[in-house]
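See below for the structure under consideration.
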DNA sequence: GTAGGGTTAG
């Protein structure tokens, strides 16, 4: 095309600067123009023949036309040119035409609609808006196009502004306007204004007659959380289609009304509307939530039959469904069949595996994803982090923290909460706090996570301070907040404060569950206020096993055999042969020296084929997790070194005043055997291993049961012997052992 | 000429 211009010689001085665009015309030539349009064609073909060009692309023709700009005399001349420029998304050409129009004295209104359309299609919103504002009168399509552009680009505020301008300009919205503007209302939470516009849709009869308007309304009410309203709208729409019904299925599914989602899906089949991949994607999630694997499989079948099983979105939902139904193997089968999993698919896999307690596998898959160069998002990272925090994999978690930083997601609330959770569950409240302090947005969830981290680590005052901040920010506490606050009081021995909070929570908006009561029962029980704790349970409408068992374990702590036996009868009525209860009773009898009763309990348990789950501890060394079981002295390849180190540690501890606490042995045996059994507790083995391997920094132990009194006092002294912090996460809370004392202040 | 629905999370 440059050649042609050169041929034109001095004519290039007539060419506006914009024409120096080097973009290629994608299609079209003079012939096509001749066929399509009538106005400019004479001029174009005239010039073509003048230069003897055989076709050539549109842009070169256009340049020639501009050279002969005196031919721009009527709107007919440039109208087809403009259309061509729009088709080609060629913005410089559009601006040239506008300039020519102005030069020829045409008012902009004449082609305003087209120019706005052109600006929007070329993504030149500033230009489009300027032309729009200069127009005295606008066609409804122009209004709609501008609104639609803003919606499409998630600029809801501007969309609503234009819509309001439309109303104040006395232009009546039509089905196109309404079907897009509702999305902006839900996005901005403008419920009142949305209702007014809904009213307008009703008056115009569009709610019933136009399925686009109906779907937009359904979607909007769903996003406002008003599924009931959404359903009412749907019922009124005359001709229901797949999008309309899917919008409702999605709505129910996202609001956790899973049974309703499945019901809406069924109604779709009954009405003979064919579901598509969007529908399947949502209804499968609800099946997963309901753990309704039979209906899930039925839908899987339907998908295969209708060929929608190959779309990535629906495959991801299938994967999620199988994982939520705990069918790990089936889900792995699905995953294997997916050719190009995207980050959502991978995230679904990682989070689902964590959900099923398959953390190791989850992290392996996460690493595979990284090897495949699929970029993780904040969802992926928070799932992987949860895997680490479940197993207290500190080093692994720190590696993922590195990835979080690499992708600049450290200020993101999802990834951030994952990190807070990780550090909290690894006993590093200060690291959790520094992550929390860098978050760009503090919300209820990140606050809850931080409060919970403090709570489980026994930093009650810090937790309560944050709770106060939450209140000052005007954020609404939820059930997790309440639990975290109560736990904070519980783990820090702040019993009076805990009771006060509980009273105020009772009057608050959050519906208290058995978990909240269990926390209070534990708090009162451990403080020895057993009667108060029992009274509290009696206030609960449906007291469950956990509540009674919590009180029973308080009886064990305070060796209240009489109350314990009464509770035991009560519990065994609700749950005959409850394992936890029998173990607690057996331990209580043991600690009070009632060995005959212990033997009775043990034979009861044997009769019911119940076995105590073994005490286990884990410790991570060089990113490898080592498992230790109480009494198992030989499985570990380094048993010899471990026992040697352990012996040394026990000796040094004894020098500093450690003595075995034999009340922790729940078996009737010789005194020396009791001592031996204490020495073989899993946390002692794990610590000895970590000491032998000379772990740098703090030693972190994870334990499946509660730390016993003997181990607790031993670890305290060992922390002084080795001059190292030992952090132990047991089944209930954290213990930070440092220089001879523990963060729990011996209250746990 | 302009319009409506999804899958991963603490």
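Residue numbers (UniProt numbering): 1 to 748.
We treat Cβ as the ideally placed atom computed from N, Cα and C, and that holds for glycine.
Per DSSP, the bridge partner or partners of residue i
i: residue 620; result: 625
i: residue 702; result: 618, 729
i: residue 742; result: 737
Top-ranked residue by Cα proximity to residue i, from the options
i: residue 551; options: 563, 542, 347, 738; result: 563
i: residue 401; options: 385, 130, 526, 186; result: 385
i: residue 615; options: 731, 554, 509; result: 731
i: residue 497; options: 719, 520, 155; result: 520
i: residue 477; options: 448, 500, 492; result: 448
i: residue 93; options: 542, 693, 518, 81; result: 81
i: residue 390; options: 260, 115, 313, 701; result: 701
i: residue 699; options: 710, 719, 711, 714; result: 719
i: residue 283; options: 312, 320, 502; result: 320
i: residue 306; options: 712, 276, 163; result: 276
i: residue 529; options: 120, 140, 499; result: 499
i: residue 491; options: 579, 243, 734; result: 734
i: residue 650; options: 684, 475, 628; result: 684
i: residue 542; options: 555, 549, 533, 513; result: 513
i: residue 707; options: 617, 450, 693, 670; result: 617
i: residue 693; options: 417, 620, 470; result: 620
First through last residue of the beta strand (DSSP E) which encompasses residue i
i: residue 728; result: 726 to 729
i: residue 736; result: 734 to 738
Within 8 Å, strictly: CB atoms of residue i and residue j
i: residue 682; j: residue 591; result: no
i: residue 630; j: residue 680; result: yes
i: residue 414; j: residue 382; result: yes
i: residue 146; j: residue 132; result: yes
i: residue 214; j: residue 237; result: yes
i: residue 171; j: residue 143; result: yes
i: residue 427; j: residue 676; result: no
i: residue 125; j: residue 149; result: yes
i: residue 345; j: residue 338; result: yes
i: residue 285; j: residue 317; result: yes
i: residue 726; j: residue 715; result: yes
i: residue 487; j: residue 502; result: no
i: residue 264; j: residue 249; result: yes
i: residue 235; j: residue 211; result: no
i: residue 482; j: residue 505; result: yes
i: residue 554; j: residue 575; result: no
i: residue 178; j: residue 156; result: no
The alpha helix (DSSP H) enclosing residue i, as first and last residue numbers
i: residue 722; result: Careful: residue 722 lies outside any alpha helix (DSSP H) and carries neither H nor E.
i: residue 361; result: 359 to 371
i: residue 570; result: 561 to 574
i: residue 288; result: 277 to 290
i: residue 603; result: 595 to 607
i: residue 465; result: 460 to 472
i: residue 274; result: That residue, residue 274, is in no alpha helix (DSSP H); it is neither H nor E in DSSP.
i: residue 499; result: 495 to 507
i: residue 207; result: 206 to 209
i: residue 558; result: Unbroken run through residue 558: none, as it is neither H nor E.
i: residue 679; result: 671 to 679
i: residue 399; result: 394 to 406
i: residue 385; result: 378 to 390
i: residue 135; result: Careful: residue 135 lies outside any alpha helix (DSSP H) and carries neither H nor E.
i: residue 692; result: 682 to 692
i: residue 224; result: Residue 224 -> no alpha helix (DSSP H), and no H or E assigned at all.
i: residue 300; result: 293 to 306
i: residue 322; result: 312 to 324
i: residue 449; result: 444 to 456
i: residue 642; result: 639 to 655
i: residue 490; result: 479 to 491
i: residue 747; result: No alpha helix (DSSP H) holds residue 747; DSSP gives it neither H nor E.
i: residue 665; result: Residue 665 -> no alpha helix (DSSP H), and no H or E assigned at all.
Cβ-Cβ separation, residue j to residue i (assumed contact under 8 Å), whole Å
i: residue 188; j: residue 160; result: 6 Å
i: residue 419; j: residue 435; result: 4 Å
i: residue 660; j: residue 643; result: Not confirmed; about 17 Å, so no contact.
i: residue 517; j: residue 484; result: Between residue 484 and residue 517 the Cβ distance is about 15 Å, and since that is not below 8 Å, they are no contact.
i: residue 291; j: residue 333; result: With a Cβ gap of about 19 Å, residue 291 and residue 333 do not count as contacting.
i: residue 256; j: residue 218; result: Residue 256 to residue 218, Cβ: 17 Å. No contact.
i: residue 749; j: residue 343; result: The shown model of the chain, from 1 to 748, leaves out residue 749, and the question about it has no answer.
i: residue 656; j: residue 721; result: 7 Å
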